[in-house]
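First up is the structure itself, then whatever we jot down about it.
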Amino acid sequence: MNDMRAELGLWVGLIETILINRGVLNNQGQLATGMGISLPQDVEEILDGFIENPIELVGLLKISREARDGRPLSPAVLMAAHLMAREVLQALQDGSREGDEDSVKRT
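According to numbering that gives the first Met the number 0, the sequence shown is numbered sequentially starting from 0.
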(Lines of atoms letter the chains of each structure in order from A and count residues from 1; the text may use other names and numbers.)
(Lines give C-alpha, C1' and ligand atoms only; values in the text may rest on other atoms or scores of the structure.)
Protein backbone atom coordinates (compact mmCIF):
# COMPACT_ATOMS: atom_id res chain seq x y z
CA MET A 1 0.00 0.00 0.00
CA ASN A 2 2.87 2.39 0.74
CA ASP A 3 4.26 1.88 -2.77
CA MET A 4 0.83 2.70 -4.16
CA ARG A 5 0.69 5.89 -2.08
CA ALA A 6 4.18 6.87 -3.22
CA GLU A 7 3.32 6.35 -6.88
CA LEU A 8 0.06 8.23 -6.49
CA GLY A 9 1.90 11.10 -4.82
CA LEU A 10 4.35 11.29 -7.71
CA TRP A 11 1.62 11.05 -10.32
CA VAL A 12 -0.58 13.75 -8.77
CA GLY A 13 2.40 16.10 -8.84
CA LEU A 14 2.93 15.41 -12.54
CA ILE A 15 -0.79 15.78 -13.28
CA GLU A 16 -0.86 19.11 -11.44
CA THR A 17 2.15 20.37 -13.39
CA ILE A 18 0.58 19.48 -16.73
CA LEU A 19 -2.75 21.03 -15.76
CA ILE A 20 -1.05 24.22 -14.53
CA ASN A 21 0.80 24.47 -17.85
CA ARG A 22 -2.50 24.03 -19.69
CA GLY A 23 -4.22 26.70 -17.58
CA VAL A 24 -6.66 24.32 -15.89
CA LEU A 25 -5.14 24.81 -12.43
CA ASN A 26 -3.56 27.91 -10.91
CA ASN A 27 -0.11 27.85 -9.29
CA GLN A 28 -1.65 26.75 -5.98
CA GLY A 29 -3.17 23.66 -7.60
CA GLN A 30 -6.75 24.96 -7.48
CA LEU A 31 -9.06 25.26 -10.47
CA ALA A 32 -8.11 28.33 -12.45
CA THR A 33 -10.40 31.34 -12.25
CA GLY A 34 -13.10 31.18 -14.88
CA MET A 35 -12.87 27.42 -15.37
CA GLY A 36 -16.65 27.09 -15.21
CA ILE A 37 -18.49 23.80 -15.53
CA SER A 38 -16.42 22.32 -18.34
CA LEU A 39 -12.78 21.69 -19.05
CA PRO A 40 -10.97 23.45 -21.91
CA GLN A 41 -11.78 21.71 -25.19
CA ASP A 42 -8.30 20.25 -25.71
CA VAL A 43 -8.14 18.84 -22.17
CA GLU A 44 -11.70 17.56 -22.43
CA GLU A 45 -10.79 15.64 -25.59
CA ILE A 46 -7.64 14.22 -24.00
CA LEU A 47 -9.49 13.07 -20.87
CA ASP A 48 -12.62 11.86 -22.66
CA GLY A 49 -13.79 8.70 -20.95
CA PHE A 50 -11.76 9.36 -17.79
CA ILE A 51 -12.78 12.78 -16.47
CA GLU A 52 -15.93 14.48 -17.69
CA ASN A 53 -15.88 17.79 -15.81
CA PRO A 54 -13.82 19.90 -13.41
CA ILE A 55 -15.67 18.52 -10.37
CA GLU A 56 -14.51 14.97 -11.13
CA LEU A 57 -10.98 16.27 -11.66
CA VAL A 58 -11.04 18.08 -8.30
CA GLY A 59 -12.20 14.86 -6.62
CA LEU A 60 -9.34 12.83 -8.10
CA LEU A 61 -6.81 15.49 -7.13
CA LYS A 62 -8.21 15.72 -3.59
CA ILE A 63 -8.04 11.97 -2.99
CA SER A 64 -4.58 11.75 -4.57
CA ARG A 65 -3.27 14.56 -2.38
CA GLU A 66 -4.75 12.90 0.70
CA ALA A 67 -2.96 9.67 -0.20
CA ARG A 68 0.29 11.56 -0.79
CA ASP A 69 -0.06 13.30 2.58
CA GLY A 70 -0.59 9.99 4.40
CA ARG A 71 -4.21 10.61 5.35
CA PRO A 72 -6.32 7.49 5.91
CA LEU A 73 -8.10 6.11 2.86
CA SER A 74 -9.88 2.83 2.41
CA PRO A 75 -7.99 0.29 0.30
CA ALA A 76 -10.74 0.44 -2.35
CA VAL A 77 -10.54 4.23 -2.66
CA LEU A 78 -6.74 4.14 -2.77
CA MET A 79 -6.72 1.48 -5.49
CA ALA A 80 -9.35 3.32 -7.55
CA ALA A 81 -7.48 6.63 -7.28
CA HIS A 82 -4.21 4.89 -8.17
CA LEU A 83 -5.73 3.38 -11.31
CA MET A 84 -7.52 6.59 -12.33
CA ALA A 85 -4.48 8.81 -11.74
CA ARG A 86 -2.30 6.50 -13.84
CA GLU A 87 -4.76 6.59 -16.72
CA VAL A 88 -5.25 10.37 -16.49
CA LEU A 89 -1.51 11.01 -16.35
CA GLN A 90 -0.88 8.77 -19.32
CA ALA A 91 -3.63 10.47 -21.33
CA LEU A 92 -2.31 13.94 -20.45
CA GLN A 93 1.26 12.97 -21.33
CA ASP A 94 0.15 11.41 -24.62
CA GLY A 95 -1.97 14.49 -25.36
CA SER A 96 1.00 16.76 -24.65
CA ARG A 97 3.17 14.77 -27.04
CA GLU A 98 0.52 14.94 -29.75
CA GLY A 99 0.23 18.69 -29.23
CA ASP A 100 4.01 19.02 -29.63
CA GLU A 101 3.89 16.96 -32.83
CA ASP A 102 1.06 19.11 -34.20
CA SER A 103 2.99 22.31 -33.52
CA VAL A 104 6.05 20.86 -35.30
CA LYS A 105 3.91 19.88 -38.31
CA ARG A 106 2.46 23.41 -38.55
CA THR A 107 5.87 25.09 -38.65
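Using N, Cα and C, we set each Cβ at its ideal position, and we do this for glycine too.
- Ranked by Cα distance from L7, the options H81, G94, L46, S95 are led by H81.
- Taking the Cβ atoms as the reference, I14 lies roughly 17 Å from V76, outside the contact range of under 8 Å.
- Per DSSP, I45 is one residue of the alpha helix (DSSP H) stretching across 40-45.
- Secondary structure of L30 (DSSP, three-state): strand.
- For D93, same chain residues with a beta-carbon under 8 Å away, outside a window of 5 residues either side, are I45 in chain order.
- The bridge partners DSSP lists for L24 are L30.
- With respect to the C-alpha of A79, the residue from L59, G12, G33, L91 having the closest C-alpha is L59.
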